[in-house]
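Each residue of the sequence shown is one higher than the last, beginning at 1 in full-length UniProt numbering. Beneath this line is the structure, given in structure tokens, with notes to follow.
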Amino acid sequence: VKIQGQNMEMLRSACEQFLGKTTKQIMNIAKETLEGHQRAIMCTMSVEEIYKDRKKFSKQVFEVASSDLINMGITVVSYTIKDINDDQGYLKSLGMARTAEVKRDARIGEAEARRDSQIKEALAEEERMAARYVNDTEIAKAQRDFELKKAAYDIEVNTKVNITMYSIYITTV
Numbered sequence: 001v002k003i004q005g006q007n008m009e010m011l012r013s014a015c016e017q018f019l020g021k022t023t024k025q026i027m028n029i030a031k032e033t034l035e036g037h038q039r040a041i042m043c044t045m046s047v048e049e050i051y052k053d054r055k056k057f058s059k060q061v062f063e064v065a066s067s068d069l070i071n072m073g074i075t076v077v078s079y080t081i082k083d084i085n086d087d088q089g090y091l092k093s094l095g096m097a098r099t100a101e102v103k104r105d106a107r108i109g110e111a112e113a114r115r116d117s118q119i120k121e122a123l124a125e126e127e128r129m130a131a132r133y134v135n136d137t138e139i140a141k142a143q144r145d146f147e148l149k150k151a152a153y154d155i156e157v158n159t160k161v162n163i164t165m166y167s168i169y170i171t172t173v
């Protein structure tokens with residue numbers, strides 16, 4: 001917080017409010033005003049909401065307290081929340097619950113990633129085996145065709161050899 005010296009009306013308000021007070025007293029008044037507005041805003045939000053959305057809570061306190069402090073001649077330069085805690089440990093348990101949720105979600109994500117990876121590996125293996133089957137089938141067909149043609153050529157060659165041999169035999173006898 002800061003007493004605004006450039007704005008004459010705010011300076012006049014600050015003089016009326018704080019004339020004769022020490023710096024410590026002025027700081028205490030500003031602090032109590034901010035804390036009062038904090039408590040008022042806390043009543044409008046749930047504990048979980050305050051804990052999870054500190055920025056919203058801080059913004060609301062800043063906006064409400066600023067207008068009140070401006071009337072006293074004080075400008076709020078900055079307002080931040082250092083920590084939110086309680087004596088019973090409720091907020092800590094909220095944090096632990098959230099941490100447990102995040103860890104659970106991470107484990108689920110890892111399991112899903114492993115499952116997806118295994119499915120992709122199985123599909124790739126299936127495709128590999130199908131391609132191998134097609135290749136083996138093509139090789140077997142080619143081998144069969146080769147053997148059939150070889151057998152046909154062998155028959156043709158043997159037939160011609162036999163005819164030639166028979167021709168030679170007949171001409172010699």
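Beta carbons: idealized from backbone N, C-alpha and C, even for Gly.
Across the structure, residue 87 and residue 106 are spaced so that their CA atoms are roughly 31 Å apart.
Contact annotation, residue 72 with residue 17: C-beta distance approximately 5 Å; criterion of less than 8 Å satisfied. Annotated three-state conformation of residue 129 is helix, per DSSP. Residue 41 is classed as buried because its beta carbon has at least 16 other beta carbons within 10 Å across all chains shown. Going by DSSP, residue 36 is part of the alpha helix (DSSP H) stretching over 23-44. For residue 13, same chain residues with a beta-carbon under 7 Å away, outside a window of 5 residues either side, are 71, 72 and 73 in chain order.
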